[in-house]
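*Asks:* The structure that follows is given in the form of structure tokens.
2 protein chains.
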Amino acid sequence: MSDAVVKKRVVGIDISLEETTFAVVDVRGNILAKDSFPTLDYPDVNAFVATLSERIVEFVEQNGGYETVRSVGISCPSSNFLTGCIVNAANLPWKGVIPLSAMLRDRLGLAVALANDAMVIAMGEQAFGSAHGMRDFIVVSLGSGMGSCVFSDGNVNLGYDGFAGEIGHTCVSLHGRQCGCGKCGCLETYTASRGIIITAKELMEESDKPSLMRQEPDLTPKKISQFCEQGDELAIETYRRTGEVLGLGLANYASLLDPEAIIFAGGITKAGKWLLDPAKKSFDEHVFHNIQGKVKFLASELNDRERDVLGASVLAWKVKEYSLFK
Amino acid sequence: MSDAVVKKRVVGIDISLEETTFAVVDVRGNILAKDSFPTLDYPDVNAFVATLSERIVEFVEQNGGYETVRSVGISCPSSNFLTGCIVNAANLPWKGVIPLSAMLRDRLGLAVALANDAMVIAMGEQAFGSAHGMRDFIVVSLGSGMGSCVFSDGNVNLGYDGFAGEIGHTCVSLHGRQCGCGKCGCLETYTASRGIIITAKELMEESDKPSLMRQEPDLTPKKISQFCEQGDELAIETYRRTGEVLGLGLANYASLLDPEAIIFAGGITKAGKWLLDPAKKSFDEHVFHNIQGKVKFLASELNDRERDVLGASVLAWKVKEYSLFK
Chain E
1 MSDAVVKKRV VGIDISLEET TFAVVDVRGN ILAKDSFPTL DYPDVNAFVA TLSERIVEFV
61 EQNGGYETVR SVGISCPSSN FLTGCIVNAA NLPWKGVIPL SAMLRDRLGL AVALANDAMV
121 IAMGEQAFGS AHGMRDFIVV SLGSGMGSCV FSDGNVNLGY DGFAGEIGHT CVSLHGRQCG
181 CGKCGCLETY TASRGIIITA KELMEESDKP SLMRQEPDLT PKKISQFCEQ GDELAIETYR
241 RTGEVLGLGL ANYASLLDPE AIIFAGGITK AGKWLLDPAK KSFDEHVFHN IQGKVKFLAS
301 ELNDRERDVL GASVLAWKVK EYSLFK
Chain G
1 MSDAVVKKRV VGIDISLEET TFAVVDVRGN ILAKDSFPTL DYPDVNAFVA TLSERIVEFV
61 EQNGGYETVR SVGISCPSSN FLTGCIVNAA NLPWKGVIPL SAMLRDRLGL AVALANDAMV
121 IAMGEQAFGS AHGMRDFIVV SLGSGMGSCV FSDGNVNLGY DGFAGEIGHT CVSLHGRQCG
181 CGKCGCLETY TASRGIIITA KELMEESDKP SLMRQEPDLT PKKISQFCEQ GDELAIETYR
241 RTGEVLGLGL ANYASLLDPE AIIFAGGITK AGKWLLDPAK KSFDEHVFHN IQGKVKFLAS
301 ELNDRERDVL GASVLAWKVK EYSLFK
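Protein chains in written order, with the working numbering: chain E, 1 to 326; chain G, 1 to 326.
Written out as structure tokens, the structure is:
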């Protein structure tokens, strides 16, 4: 027996524009304790890191002790696993390139791994969710934007620079909708929140059909899916068109990558069959015949409130333990 | 020292519709001897395998001896590395599913690995060519069809079923050209041989411009690229349009996969700058901004006459040595 303590717990952190959540998680994915604070309280990133590290130290001391924690994993938009930096995040208050991993490691004295939300979700799904036991799969995250993570032979495809996964900014229509990224026809201009609302509005203009959507001043994808449940034709058609484009985009990547499954996470995918049935139909129409009918469409199995910190905890195990003395 | 002989050579085989070539290759990629016979002489696959194995036994006996050969690698269209089978090959005389690896292994008593041409080329380029030292890259092969192979973190992306790489059958135009696969708008209907000829004919119909292409009864991509060299405007425009579509398709996969480089092989890519300059321009217009300007476009560095058997020799090292007694 060596004197070294075997550390059996990690900290998983999820940073989004609204909220920063952190949790102590064990090797089996049990979330032992969880807390959060509003991200926007800290428009300055140094103040954010100072508060986050203080909160974490206090939190782990109250929940098992600092010496039981091995490392830290962070899920954060626009983050690069290879450099440990947040890079030009559109959906965070801090601009430019921010070496978040190093900043937090220096304060905590713990190894810190950082990755974008799609990659972290994929790791969580592989460890504890829909992708358990799978080696080749794609996770697609649909919300205000569209992200993805490709697993090949059991490992994340990071790409050369760590920028892989920008499925939302692949082109599905050469002279299509204007995207916030500057290009036209990006997949997410049809499949993420804003795109779905645009499709709904286009449909309401094209047609004279009555629709619950017409009376709704603040239309959201969630409300549209609720209208689907009530049998609203235009709402159903909105998700059908969305699914059609989604299935086409995914078919192309499946022809190239031959995944066992595509796993859907994020708020938009709560629309369930209204989105995924037409997506699967379009997918099987467009995918190469050798894999037609074979690729599974699965919903994320992990609990919404836990998915991100759980995935971040899986990420935390991927880094070497840190010590100034090693 | 054990009694086991360390076997320092392999046999690389390339099967195409025209010709079957086989070579003895050493660990450094030196092709020590090479021979071939016409594939179409054997419309029956059993006769083909009988002849191929007899020729190989004789050939290696004359070139260093059977006991010096470790294993066999085969490059063949429509082949699946995971199953060792040729599957519904459009461009071979033998139909259905053919367990070529097992058939040849049983006759030779040597381990046999089989893979499609794009994967074999990618392995050759990584071992001895343009992709040497790279871990994340895509090889695109353009000829009568369009194939591809994705390397992620140093390894081939085979996909779940071994059917990955069908880049030629990804959709770039929803109601586009009819493809032999049954779908419309497949990338290869614009970028492979037949598609380029169609583009040339469309251009000749659209315009009254004189062109050397108009006098050519038997137009080929090679002839069109020769006309480009002579300054023929319509020929140049043919490759420009081809490159534009190619660049768009590749941009999508690069946004998803973030490769260090895309490496071009196959007869069509001999058009060089006439194809690749417009392709790179279109690529950088459509790729996600984080990797814009970063992805290298490279031509295959390997000798045309040797590329396939050389790649097949690299493949041969990937299988475990075979013995009835192990």
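We put the beta carbon where it would ideally sit given N, CA and C, even for glycine.
Does any residue of chain G bring its CB to less than 7 Å from the CB of D117 of chain E?
*Replies:* In the first sequence, counting from the first residue as 1, residue 117 of chain E sits at position 117. False, the Cβ-Cβ gap to chain G never drops below 7 Å.
*Asks:* Establish whether the CB of L315 of chain E and some CB of chain G are separated by less than 7 Å.
*Replies:* Your numbering for residue 315 of chain E matches position 315 in the first sequence. For L315 of chain E, the answer is no, since every Cβ of chain G falls outside 7 Å of its Cβ.
*Asks:* Find the nearest neighbour of A261 of chain E within the set E:E125, E:A47 and E:T51, judged by alpha-carbon distance.
*Replies:* As a first step, residue 261 of chain E is located in the first sequence; it is residue number 261 there, counting from the start. A261 of chain E has its Cα closest to that of E:E125, out of E:E125, E:A47 and E:T51.
*Asks:* Can we say the stretch 301-312 of chain G touches the stretch 247-261 of chain G, given the rule of at least three CB pairs closer than 8 Å?
*Replies:* Touching, no, given that fewer than three Cβ pairs across the two stretches are closer than 8 Å.
*Asks:* Would N157 of chain E count as contacting chain G if we go by Cβ distances under 7 Å?
*Replies:* Numbered from its first residue, the first sequence carries residue 157 of chain E at position 157. Yes, contact with chain G.
*Asks:* Have a look at the DSSP bridge pairing and note the partners of T20 of chain G.
*Replies:* Looking up residue 20 of chain G in the second sequence gives position 20. Partner(s): G:I15 and G:F37.
*Asks:* Is M1 of chain E helix, strand or coil by DSSP?
*Replies:* Your numbering for residue 1 of chain E matches position 1 in the first sequence. Here the model assigns M1 of chain E a pLDDT of 46, short of 50, so the residue's position is not dependable, and the following value carries that caveat. Of the three classes helix, strand and coil, the one that applies to M1 of chain E here is coil, per DSSP.
*Asks:* Quick one: using the 10 Å Cβ neighbour count with 16 as the cut-off for buried, is L234 of chain E buried or exposed?
*Replies:* Here residue 234 of chain E refers to the residue found at position 234 of the first sequence. The residue is buried, with at least 16 neighbouring Cβ atoms inside 10 Å.
*Asks:* Just by C-beta distance, which residues in the stretch 234-249 of chain E are closer than 9 Å to chain G?
*Replies:* L248 and G249
*Asks:* Beta-carbon within less than 7 Å of G145 of chain E's beta-carbon, same chain only, minus the 5 sequence neighbours each way: which residues are those?
*Replies:* Residue 145 of chain E sits at position 145 when you count from the first residue of the first sequence. Here the set comprises G168, E188 and A192.
*Asks:* Does E166 of chain E get closer than 7 Å to chain G when you measure Cβ to Cβ?
*Replies:* Locating residue 166 of chain E in the first sequence gives position 166, where the first residue counts as 1. Yes, because at least one Cβ of chain G sits closer than 7 Å to the Cβ of E166 of chain E.
*Asks:* In three-state DSSP terms, what is R194 of chain E?
*Replies:* Position 194 of the first sequence holds residue 194 of chain E. R194 of chain E: helix per DSSP, three-state reduction.
*Asks:* When DSSP builds the beta bridges, which residues end up paired with S78 of chain G?
*Replies:* For the purposes of this step, residue 78 of chain G is taken as residue 78 along the second sequence, with counting starting at 1. Beta-bridge pairing links S78 of chain G to no other residue.
*Asks:* Check the C-beta distance from R107 of chain E over to S53 of chain E and give it rounded, since I have them as a contact under 8 Å.
*Replies:* Reading the first sequence from its first residue, position 107 is the one you call residue 107 of chain E. Reading the first sequence from its first residue, position 53 is the one you call residue 53 of chain E. Between S53 of chain E and R107 of chain E the Cβ distance is about 4 Å, and since that is below 8 Å, they are a contact.
*Asks:* For a contact meaning CB atoms closer than 7 Å, what does Y160 of chain E contact in chain G?
*Replies:* In the first sequence, counting from the first residue as 1, residue 160 of chain E sits at position 160. Ordered by position in chain G, the residues that pass the 7 Å Cβ test against Y160 of chain E are D136, D258, P259 and E260.
*Asks:* Any chance you could list the beta strand (DSSP E) runs of at least 3 consecutive residues sitting entirely within the stretch 200-276 of chain G, in chain order?
*Replies:* 261-265
*Asks:* For Y190 of chain G, which residues in chain E fall below 8 Å Cβ to Cβ?
*Replies:* Along the second sequence, read from residue 1 onward, the residue named residue 190 of chain G stands at position 190. None at all; the shortest Cβ gap to chain E is about 13 Å.
*Asks:* Please go through the same chain and pick out, in chain order, the residues whose beta-carbon is closer than 6 Å to the beta-carbon of M123 of chain G, but skip the five residues on each side of it.
*Replies:* By 1-based counting over the second sequence, the position of residue 123 of chain G is 123. Result list for M123 of chain G: G311, V314 and L315, in chain order.
*Asks:* Between I121 of chain G and chain E, is there a C-beta pair that is closer than 7 Å?
*Replies:* Mapped onto the second sequence, residue 121 of chain G falls at position 121. Answer no: the Cβ-Cβ gap between I121 of chain G and chain E never drops below 7 Å.
*Asks:* Is the beta carbon of F264 of chain G closer than 7 Å to that of V140 of chain G?
*Replies:* Along the second sequence, one-based indexing puts residue 140 of chain G at 140. Along the second sequence, one-based indexing puts residue 264 of chain G at 264. A contact, by the Cβ cut-off of 7 Å.
*Asks:* In this structure, how does DSSP classify R70 of chain E when only helix, strand and coil are distinguished?
*Replies:* Counting from 1 along the first sequence, the entry for residue 70 of chain E is found at position 70. Reduced to three states, the DSSP call for R70 of chain E is strand.
*Asks:* Can you give, in chain order, each stretch of the alpha helix (DSSP H) that sits fully within the stretch 105-156 of chain E and has at least 4 residues?
*Replies:* Fully enclosed alpha helix (DSSP H) runs of 4 or longer: 117-128.
*Asks:* With which residues is A299 of chain E paired in a DSSP beta bridge?
*Replies:* Stepping through the first sequence from its first residue, residue 299 of chain E is reached at position 299. E:F264.
*Asks:* Give me the Cα-Cα distance between G129 of chain G and R307 of chain G, rounded to the nearest whole angstrom.
*Replies:* In the second sequence, residue 129 of chain G corresponds to position 129, counting from 1. In the second sequence, residue 307 of chain G corresponds to position 307, counting from 1. C-alpha separation (whole angstroms): 9 Å.
*Asks:* For A33 of chain E, does the count of other Cβ atoms within 10 angstroms reach 16, so buried, or fall short, so exposed?
*Replies:* Taking the first sequence and counting its residues from 1, the one referred to as residue 33 of chain E is at position 33. The residue in question, A33 of chain E, is exposed, as its Cβ has fewer than 16 Cβ neighbours within 10 Å.
*Asks:* Any idea if R9 of chain E is buried or exposed, counting beta-carbon neighbours within 10 angstroms, 16 or more meaning buried?
*Replies:* Taking the first residue of the first sequence as position 1, residue 9 of chain E is located at position 9. Per the 10 Å Cβ criterion, buried.
*Asks:* Please name the residue, chosen from G:G180, G:G133 and G:R55, that lies closest to A89 of chain G on a Cα-to-Cα basis.
*Replies:* Reading the second sequence from its first residue, position 89 is the one you call residue 89 of chain G. Considering only alpha carbons, the answer is G:G180.
*Asks:* In the DSSP assignment, the beta strand (DSSP E) including I86 of chain G goes from what residue to what residue?
*Replies:* As a position in the second sequence, residue 86 of chain G is number 86, starting the count at 1. Per DSSP, I86 of chain G belongs to the beta strand (DSSP E) from C85 to V87.
*Asks:* Name the chain E residues whose beta carbon is nearer than 7 Å to that of I291 of chain G?
*Replies:* In the second sequence, counting from the first residue as 1, residue 291 of chain G sits at position 291. In chain order: D161 and F163.
*Asks:* Can you pull out the residues from the stretch 4-23 of chain E whose beta carbon lies closer than 8 Å to at least one beta carbon of chain G?
*Replies:* Correct list: empty, as no residue qualifies.
*Asks:* As a quick exercise: from E:H289, E:F37 and E:K320, pick the residue whose alpha carbon is nearest that of G165 of chain G.
*Replies:* Position 165 of the second sequence, counted from the first residue, corresponds to residue 165 of chain G. Of the candidates E:H289, E:F37 and E:K320, the one whose C-alpha sits nearest the C-alpha of G165 of chain G is E:H289.
*Asks:* Please decide whether F288 of chain E counts as near chain G, where near means a Cβ-Cβ distance under 7 Å.
*Replies:* Here residue 288 of chain E refers to the residue found at position 288 of the first sequence. By this cut-off, F288 of chain E is an interface position.
*Asks:* Roughly how many angstroms lie between the CA atoms of A115 of chain E and F81 of chain G, to the nearest whole one?
*Replies:* Translated into the one-based positions of the first sequence, residue 115 of chain E becomes position 115. Translated into the one-based positions of the second sequence, residue 81 of chain G becomes position 81. Looking at the two C-alpha atoms, the distance is approximately 32 Å.
*Asks:* Strictly below 7 Å CB to CB, what residues from chain E border T170 of chain G?
*Replies:* Taking the second sequence and counting its residues from 1, one reaches residue 170 of chain G at position 170. By Cβ distance, chain E contributes N252, S255 and L256.
*Asks:* With a threshold of 16 other CB atoms inside 10 Å of the CB of A47 of chain G, please say whether the residue is buried or exposed.
*Replies:* Taking the second sequence and counting its residues from 1, the one referred to as residue 47 of chain G is at position 47. Answer is exposed; the Cβ neighbour count stays below 16.
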